[in-house]
């Protein structure tokens, strides 16, 4: 990290550590929108970290965005910060001015006709709360008003809103954008991989801390080799996910990073399965209670690993491409990226 | 926020591209007729003729000072050469240990005379090393070393047994860790490293030990009143423990800690080119994701070494994850394709699978067991 990135990391982690309390997360899980925190994130420009300065953003790179996204995951911020970062970036890429209010991204069967967007978008993050949604339709980036959308509320395992939105001739702006057809899924996978890296860092730190506090048989359980070995695995999985996410973000400055993004999402998925299991095992029964906050991170990882394409989905496409290039092309390809 | 270890991204400089192309072209010619099962041995395969060609190319001792026969290239140039050699399955075993750790150890702790005498020959690919650490009663518990070096006129008399010493039968020198002093209160004290000339020293018996695959890579080395002169002591008497710890960072940090099964991955893909199917694609995709991530972690460690930092902890992380990846490869291959591994005959895939199925158990033993590495990581996490 460079100096500015260190400052960014300190400030965003400091802010979220202070604001994202257990009460805030619990009330969000009960359906309360954390308006004050959202306003603060917007006021601090964190949702616009990827927007060029000329368009009123922070002019950050994806490496900068990774810092914000990892922090969002680490502190399990219960609002669509990652979705807003992505939506603002897509709008900026398309040259569409971003509106005020909550922004989210939408995937679904959507059609654009005469400047109106219609169709159904499923499992839209915070669809109920968003004033506008960003979607890719054909080669166009679309910004649609969600004013008149009908909302069928739903949640994921982490009790984050994942709503079905039905739009009928919603007012929309659109512009062609030079992004791959699956860009929303691709960059969605990237932001989730970054959040997962942050959540895994939290799991490692929290579980080590717990093992140092919890005493059984007359000593902290972290003094037992069986526990130490498990914690070492947990920490290495978190580290692997962190660098895979960083690598994907760094690769974007060279252009196409679809390969590295798939790598990051697959790696984050695999790490999550291992790490959540160890974190719960080490925490014992207390970690299985709602009262203890461990599950705020583990339930998110269980949801996020499947969102925007599970590891299996990305692995299949990565594998097909690898096999199609041929066995002897694997190493030259990996080293040329 | 816990920050026990750090993996910063490290990008290879563009200037390494030409070197990579040179190495790749050289290997394409050199290895054109070498069967896949032989290439699968990578850094366990030993070929002095190949090592001398590497020396002539300037691809050994790449980062060392010119006055010791080195080439004063960057750590990244060296990294590129290493990973190309491993990915291609070049038989680099003869010079590997001297290049990787014994040479750097002598540069750091050796006397000027030791360096002058030995390092240029290592750089030429003519002088090979083995590491005398493990003993019958001292494996992971390295400080339990019992082989004694007792002070006598002009040197030391060595008695004891080193075990699992890879390459002792072909090496010119051993860097041996011997006990020069016994302090029952502090077993880490009183250990000393020595250069041992395996070709001329009397009182040394080297017996190859057949491994489960029937190969003889490692040995039992018995010392019976073997005389080692004073000028073969490396570093300081009693400083062996700290010197070994520094050496292990080199031993654990390279790309050989995740690429040992790479040839099987290539042959798996070759099989799948014929078969197609979603299941195989998913498996390969997963393996690619782990390969690419491990490479980034390994590069990150190389970057730390280049900056003169001590990545001992990070190297342990890469080695632990790398061994899991390497050991997973024949399991994945078996589950996916269900083809019986073979020995001595059969397709490239079948033979490589036969070799690696038998060999992979050693990958989480050599250079520090999985349990020791995880203990080091746990200490880094503040648990010990």
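Protein chains in written order, with this note's numbering: chain A, 896 to 1232; chain H, 66 to 449. Cβ atoms here follow ideal geometry from the backbone N, Cα and C, with glycine treated the same way. Computed from a prediction, not measured in an experiment: that's the story for all the values here.
According to DSSP, residues forming a beta bridge with residue 1071 of chain A: Bridge partners of residue 1071 of chain A: A:1035.
Residue 269 of chain H beta carbon less than 7 Å from that of residue 284 of chain H: no
Which of helix, strand or coil DSSP assigns to residue 912 of chain A: helix
Other residues of its chain near residue 366 of chain H: CB distance less than 7 Å, five sequence neighbours each side excluded: 318, 376, 379, 380, 383
CB contact check: residue 361 of chain H to chain A, cutoff 7 Å: yes
Same chain, Cβ closer than 7 Å to residue 161 of chain H, five either side skipped, listed in chain order: 108
Contact set between residue 385 of chain H and chain A, taken where Cβ atoms lie within less than 9 Å: 1127, 1128, 1131
Cβ contact (3+ pairs, closer than 8 Å) linking the region 356 to 374 of chain H and the region 393 to 411 of chain H: no
The region 1065 to 1084 of chain A in contact with the region 1146 to 1160 of chain A per 3-pair CB rule at 8 Å: yes
Segment contact flag, the region 1157 to 1174 of chain A with the region 1187 to 1203 of chain A, C-beta cutoff 8 Å, min 3 pairs: yes
Below-7 Å beta-carbon distance, residue 67 of chain H vs any chain A residue: For residue 67 of chain H, the pLDDT reaches just 49, beneath the cut-off of 50, and the residue's location in the model is therefore unreliable, although a value from the coordinates is still provided. Interface annotation, residue 67 of chain H: in contact with chain A, CB-CB separation under 7 Å.
Ranges of the alpha helix (DSSP H) found wholly within the region 941 to 996 of chain A, counting only runs of at least 4: Within the region 941 to 996 of chain A, the complete alpha helix (DSSP H) runs of at least 4 residues are 957 to 969, 976 to 989.
Assigned secondary structure, residue 66 of chain H (DSSP; H/G/I helix, E/B strand, else coil): For residue 66 of chain H, the predicted structure reports a pLDDT of 42, less than 50, and the residue's modelled location is therefore unreliable. The matter cannot be settled from this model.
Close Cβ partners of residue 1053 of chain A (< 6 Å) along its chain, the five nearest in sequence each way excluded: 1194, 1195, 1198
Rounded separation between residue 179 of chain H and residue 280 of chain H - CA only: 33 Å
Residue 331 of chain H vs residue 977 of chain A beta-carbon contact at 7 Å: no
Residues bridged to residue 1062 of chain A (per DSSP): A:1014
DSSP state of residue 264 of chain H mapped onto helix, strand, coil: coil
DSSP bridge partner residues for residue 241 of chain H (one or two, in chain order): H:197, H:259
Proximity of residue 293 of chain H and residue 259 of chain H at Cβ, strictly below 7 Å: For the 7 Å CB-CB criterion, residue 293 of chain H and residue 259 of chain H form a contact.
Three-state secondary structure assigned by DSSP to residue 288 of chain H: strand
Cβ-Cβ distance between residue 163 of chain H and residue 187 of chain H below 7 Å: yes
C-beta atoms of residue 1187 of chain A and residue 1181 of chain A nearer than 7 Å: yes
Buried/exposed call for residue 391 of chain H, threshold 16 Cβ in 10 Å: buried
Contact the region 969 to 985 of chain A vs the region 927 to 934 of chain A: 3+ CB pairs below 8 Å: yes
DSSP state of residue 1050 of chain A mapped onto helix, strand, coil: strand
Alpha carbon of residue 101 of chain H to alpha carbon of residue 119 of chain H, nearest angstrom: 20 Å
CB contact below 7 Å: residue 1049 of chain A versus chain H: no
Below-7 Å beta-carbon distance, residue 417 of chain H vs any chain A residue: Taking Cβ atoms only, chain A never reaches closer than 7 Å to residue 417 of chain H, which makes this a no.
Anticipated Cβ contact below 8 Å, residue 1162 of chain A with residue 422 of chain H, distance rounded: Not really, about 26 Å apart at Cβ, beyond 8 Å.
Near-chain H residues of the region 966 to 996 of chain A (beta-carbon distance less than 7 Å), N- to C-terminal order: Per Cβ criterion, the list is empty.
Separation of residue 336 of chain H from residue 414 of chain H, as counted between CA atoms: 8 Å
DSSP three-state assignment for residue 385 of chain H, whether helix, strand or coil: In the three-state reduction of the DSSP assignment, residue 385 of chain H falls in the helix class.
Given residue 1200 of chain A as reference, the closest of A:1056, A:1087, A:1040 once Cα atoms are compared: A:1087
Any chain H beta carbon closer than 7 Å to residue 1218 of chain A: Interface residue, yes.
Top-ranked residue by Cα proximity to residue 901 of chain A, from A:927, A:958, A:914, A:920: A:958
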